[in-house]
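Data first, discussion second: the structure below is written as structure tokens.
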Amino acid sequence: MIPPIASRFVAGESAARALDHARRMNDDGVAVILNLLGEHYAERAPADEDAAAYVRLVEDIASTGIDACVSVKPSQIGLDAGDHVFEENYRRIAEAADERGVFLWCDMEDHETTDVTLDAFEELAREFDGGMGLCVQANLKRTPDDLERLADVPGKLRLVKGAYDEPAAVAHTQKSAVNEAYKELLAYLFREYDGGIAVGSHDPEMIAYARDLGAEYDRDYEVQMLMGVREDAQRDLAADGVEVWQYAPYGDNWVSYFYRRVRERKENALFALRAVVGV
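Position 131 of the sequence shown, counting from 1, maps to 131 under the UniProt record's numbering, and the rest follow consecutively.
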């Protein structure tokens, strides 16, 4: 059982629990992106096992009618075991999602995985003509070129600031530089990208900027935030007519994920402390 202190950030250990969480968020007008926790499998067997779990999750979402979709990590479905393992499992999940009308996101990991992830996404997104999305990171200096490459690829792009500690040779390392890059890339998406736009940010400044861009270019967009982070804002945005998606992880591998959430934000650490001391 996940303790209450961690359940703020993790939607349960099982798919059934995660789907129950998605139903509750749907009642508040928020859709849910479900991600099975797990990454960096060096062997094929666990990667194949998690790929099969994602196929079952796709089937469950389609059969229940819950407003939810799926997001996968390349290293979870085989990238560390070989490019071909990742590509085969990614295709396996994409075929199931396409057949059942469930949207499929692919997360982006560290910069050394960017090329293979882009190649696999572009091939499948063009083949299945949408129904798929990819995360791109504003802190990487290469991202403007990547967006130009993806400008006519069907599907959606999720722009995030970037959570990986990348070297200065390939990434902006100052917060101000990342913020400026995020704004420039977001404006490019609204101006040039043919597909759907997902604003992956908890930053009120970036969300307000997206609202301005949406009005300027008469473009729809969605806002994506993590489970357990600014959930009141998620509900408020949804109530205000913004399409909001909550990224909700689930599964047995919740301990390291929970501690990453606690370390990365002062507000999260204070929440955990209050839970421990009972105030």
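Ideal placement from N, C-alpha and C gives every residue a C-beta, glycine not left out.
CB of V30 within 7 angstroms of CB of V102, strictly: no
Touching by the beta-carbon criterion (3+ pairs, under 8 angstroms), the stretch 50–65 and the stretch 93–111: yes
Pairwise C-alpha distance: A125 and W105: 11 angstroms
Short Cβ contact (7 angstroms threshold) for M227 with A208: no
Cβ contact check for the stretch 150–160 and the stretch 168–181: 3 or more pairs under 8 angstroms: no
For D129, the nearest candidate out of A239, V136 and F121 (CA to CA): F121
Distance between V72 and A238 (C-alpha atoms, nearest Å): 25 angstroms
Residues that DSSP places opposite G200 in a beta bridge: Q224
Outcome for A42 when other beta-carbon atoms lying within 10 angstroms are tallied against a minimum of 16: exposed
Environment of S176 [buried if 16+ CB atoms lie within 10 Å]: exposed
V277 (DSSP reduced to helix, strand or coil): Low confidence applies here, because V277 scores a pLDDT of 42, under 50, leaving its location unreliable; read the following figure in that light. In the structure shown, V277 sits in a helix (DSSP, three-state: H, G or I).
Exposure of G241, with buried meaning 16 or more beta-carbon neighbours within 10 Å: exposed
Buried or exposed (CB count within 10 angstroms, at least 16 for buried), P74: buried
For N179 and M206, the rounded distance between their alpha carbons: 8 angstroms
Pair within 7 angstroms by beta-carbon distance, A18 and L34: yes
Exposure of H40, with buried meaning 16 or more beta-carbon neighbours within 10 Å: exposed
Length at least 3, wholly inside the stretch 145–204: the beta strand (DSSP E) runs in chain order: 156–160 and 196–200
Reference G200, options P144, A163, A16 and M132, closest by Cα: A163
Cβ-heavy atom distance, Y41 to the ligand MN, below 6 angstroms: Judged by which ligands are present, the structure shown has none, so any question about the ligand MN falls away.
Burial state of A168, where buried means 16 or more other Cβ atoms lie within 10 Å: exposed
Beta carbon of V10 nearer than 7 angstroms to that of A47: no
Host alpha helix (DSSP H) of V85 (start-end): D83 to R100
Member of R56, T114, E123 and E49 whose CA lies at the smallest distance from the CA of Q76: E49
Range of the contiguous beta strand (DSSP E) that encloses S71: A68 to V72
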